[in-house]
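Notes to accompany the following structure.
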Amino acid sequence: MASKLEEACLKDPKIRGHIVFYEFRSGLPIFQCYKNFCARMGPNSLDFPDFEFWWMRFSAGNFDLDYDRSQDPKCRTITDLPMHIIEKICEKLGKNYQKKYRFTLRNVCKSFRSLADSWVPKFENLAIEAFSNLFTLDFDGQYFQYSDENKALNDLKSVIAHPEHKLTNLDIGEITNQQFLDKLLLEMESLKLKIHIENVHLNSDNWKDQMRLLPFYQAETVKMVYIEGWQERNSEFIDEICKIDQEERAGDDQIEKIENPKPKSILFSRVEISFDFLSNKEATKIIKNFLKLPNLKYCHLKAELRNIVQLKKNIQRLGANIQTDRLDILHYPIQNSNDVFEIQIQLDGIRIKQKSVED
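For the sequence shown, the UniProt record's numbering begins at 1 and goes up steadily by one.
This is the structure we're talking about:
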């Protein structure tokens, strides 16, 4: 039983807080601290909720002992817990709880949202589709569908805006809702966002929409750009890439650059393009365009070729020379450089890569 002196001390909230702080400093779990407190001060000296109040304040880094308990909210909820306690609770959800429940927790309350947003996203693959009233985000095969445009944008932004997030693959699917894309671009521009992405997947069916996102990729992190689609669409897409390169080298008006940011042609230094069919005429045109790109390091045109003898003749007319030791390879001299583009033509496609003549 507590002495009269101890009872008098426990009636003073400040002294009571000091005694709880003494137990808190032991570093033991809260229930063990309370047990030790009761052994020291008496079994009925302080109710556990009162002890827990001070212990939780100290745990959250708040050591102000002048707090007036009359200011307490009428009821307490899980959201009043310190962040590290909430994190411990979340860990009980399973090994991959951060990936599985990230977006669920973001929409519980502000404190849970802050916690979820502090996690470095572990998603490697992202695919986006936006229809009139349905928005789909695919993170590593986990599909999240939204009818609320703003909610979809908020969840998407929380991932791509994280400074430590690194994507391996980004696939922009069908975008029929232009308002969604417009809002996303405005958000990315206001945040001055640059996405770390290794592989960019483009579909020639909606490449005009996808091109609007390219200025927000970190060009230096892009390892490969994959393009798929019909011959005519792909050819048009390649024309646009070459036009961008010409504008960059000519030097656009700076005001125009700010108001209408364009993707850097360096993004397309490594490209793989798949064709359903590729005629000699289009193949020649595409190769001619790519040979104008000084930033091009590697290009693979995947297609079945029928008359490669005629195609080689067409490439020779552009200024390339067939190598005597390899009849399937031509060298095209790069302007203002000692390097060449090595062009390999085979039945299953065409490969172009920049190469030093010393190699």
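Glycine included, C-beta positions come from ideal geometry on N, C-alpha and C.
Predicted model only: the values in this text are computed from it and were never measured.
Cβ of residue i within 7 Å of Cβ of residue j?
| i | j | result |
| --- | --- | --- |
| L318 | K288 | yes |
| L267 | I227 | no |
| A320 | I286 | no |
| L153 | K183 | yes |
| A219 | D171 | no |
| I315 | L330 | yes |
| F216 | L193 | yes |
| S279 | R233 | no |
| N177 | A250 | no |
| F341 | L293 | no |
| I345 | D328 | yes |
| F135 | Y146 | yes |
| F51 | Y34 | yes |
Would you kindly work out how many angstroms separate the C-alpha atoms of residue i and residue j, rounded to a whole number?
| i | j | result |
| --- | --- | --- |
| P49 | I175 | 54 Å |
| H300 | K353 | 9 Å |
| M1 | N44 | Legend: pLDDT at M1 = 46, less than 50; position of this residue unreliable, value from coordinates given subsequently. About 8 Å. |
| V20 | W54 | 7 Å |
| I308 | L213 | 36 Å |
| K257 | L347 | Its pLDDT being 46, under 50, K257 is placed unreliably by the model, and nothing is read from it. |
| R102 | A116 | 6 Å |
| A39 | M56 | 20 Å |
| L28 | N36 | 10 Å |
| C90 | L46 | 30 Å |
| E23 | R113 | 32 Å |
| K223 | I197 | 8 Å |
| V271 | K88 | 45 Å |
| Q179 | E247 | 28 Å |
| D108 | F275 | Looking at the sequence shown, residue 108 is not Asp but Val. Going by the C-alpha atoms only, they are around 46 Å apart. |
| K306 | I160 | Note on identity: in this sequence residue 306 is Arg, with Lys being the wrong assignment. About 44 Å. |
| E282 | G94 | 53 Å |
| E355 | S269 | For the sequence presented, residue 355 should be read as Lys rather than Glu. Going from the Cα of K355 to the Cα of S269 covers about 13 Å. |
| N169 | K100 | 19 Å |
| Q254 | D245 | In this prediction, Q254 scores a pLDDT of 46, lower than 50, which makes its location untrustworthy; no coordinate-derived value is stated. |
| I241 | Q323 | 29 Å |
| E189 | E149 | 18 Å |
| K14 | S59 | 17 Å |
| G17 | W119 | 34 Å |
| Q32 | R25 | 12 Å |
| F277 | Y298 | 21 Å |
| L296 | I334 | 11 Å |
Taking the continuous alpha helix (DSSP H) assigned at residue i, which residues delimit it?
| i | result |
| --- | --- |
| V309 | I308 to R317 |
| K285 | N280 to F290 |
| K353 | It is not in any alpha helix (DSSP H) - K353 instead sits in the beta strand (DSSP E) that spans G349 to S356. |
| Q179 | Q178 to S190 |
| F37 | I30 to M41 |
| residue 360 | Since the displayed the chain opens at 1 and closes at 359, residue 360 lies outside it and no answer follows. |
| R57 | F48 to S59 |
| Q218 | Segment: none, Q218 is in no alpha helix (DSSP H) and carries neither H nor E. |
| Y97 | Y97 to K100 |
Any idea which residues DSSP pairs residue i with across the strands?
| i | result |
| --- | --- |
| G229 | F275 |
| P333 | V340 |
| R326 | Q323 |
| L301 | I273 and I350 |
| L126 | F139 and L170 |
| N203 | E228 |
| H196 | K166 |
| Y146 | F135 |
| I345 | I350 |
Would you please verify whether the beta carbon of residue i is less than 7 Å from any beta carbon of chain D?
| i | result |
| --- | --- |
| F139 | Note that chain D does not occur in the displayed structure, where there is just one protein chain. |
Where do the N-terminal and C-terminal ends of the beta strand (DSSP E) with residue i fall, by residue?
| i | result |
| --- | --- |
| D171 | K166 to I175 |
| A116 | No beta strand (DSSP E) holds A116; the alpha helix (DSSP H) holding it covers K110 to S118. |
| D138 | F135 to F139 |
Would you say residue i touches the ligand PLP, meaning its beta carbon is less than 6 Å from a heavy atom?
| i | result |
| --- | --- |
| E187 | The ligand PLP is absent from the structure shown, which contains no ligands of any kind. |
* Asked: Below 8 Å, can you find three or more Cβ-Cβ pairs linking the stretch 114–133 to the stretch 160–176?
  -> yes
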